[in-house]
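**Q** At position 53 of the sequence shown (counting the first as 1) the number is 129 in my numbering, and the numbers step up by one without a gap.
The beta-carbon is built from N, C-alpha and C at its ideal position, and this holds for glycine as well.
As the structure is a prediction and not an experimental result, all values here were calculated from the model.
Quick one: this structure, given as structure tokens, is what I'll be asking you about.
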Amino acid sequence: MSMNIKSAVAHQLARELAAVEGTTVTDAVTRALRLALERHAHDAAVDRRRQKLETFMRQCGDVVAHDVGPSIWQAADDLFDEQGLPR
Numbered sequence: 077m078s079m080n081i082k083s084a085v086a087h088q089l090a091r092e093l094a095a096v097e098g099t100t101v102t103d104a105v106t107r108a109l110r111l112a113l114e115r116h117a118h119d120a121a122v123d124r125r126r127q128k129l130e131t132f133m134r135q136c137g138d139v140v141a142h143d144v145g146p147s148i149w150q151a152a153d154d155l156f157d158e159q160g161l162p163r
């Protein structure tokens with residue numbers, strides 16, 4: 077199986093990468109392509125987790141917004157007198 081890449085820049089980059097990694101051009105290109113695909117898969121997984129977390133946080137926010145109860149200051153007024161002593 078062969079690829080016909082007609083870009084001098086692509087060929088030069090592939091040769092440089094192979095030299096840096098101490099491997100063949102084919103192995104260097106294969107590794108670079110694998111890493112790029114893994115990075116895209118990782119980014120997609122991170123995006124899915126972020127979306128789930130944002131949905132969860134919105135749902136939590138909706139619950140809190142509808143069930144706030146008394147504020148801490150109102151609770152303190154019920155528990156302590158004007159001098160700060162317990163009622």
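May I ask which residues mark the beginning and end of the alpha helix (DSSP H) holding Asp153?
**A** Position 77 of the sequence shown holds residue 153. Note, Asp153: alpha helix (DSSP H), Ile148 to Leu155.
**Q** Taking 8 angstroms as the cut-off, does the stretch 88-95 touch the stretch 104-116 (at least 3 CB pairs, one atom from each stretch)?
**A** Judged by Cβ distances under 8 angstroms, the stretch 104-116 makes contact with the stretch 88-95, as three or more pairs qualify.
**Q** The alpha helix (DSSP H) with Leu89 in it runs from where to where?
**A** In the sequence shown, residue 89 corresponds to position 13, counting from 1. Here the alpha helix (DSSP H) through Leu89 covers Ala84 to Glu97.
**Q** Using CA coordinates, which residue listed in Arg115, His118 and Ile81 is at the minimum distance from Val101?
**A** For the purposes of this step, residue 101 is taken as residue 25 along the sequence shown, with counting starting at 1. It is Ile81.
**Q** Does the separation of the CB atoms of Ala112 and Ala104 fall below 8 angstroms?
**A** Here residue 112 is taken as the residue at index 36 of the sequence shown, counted from 1. Here residue 104 is taken as the residue at index 28 of the sequence shown, counted from 1. No. Outside cutoff.
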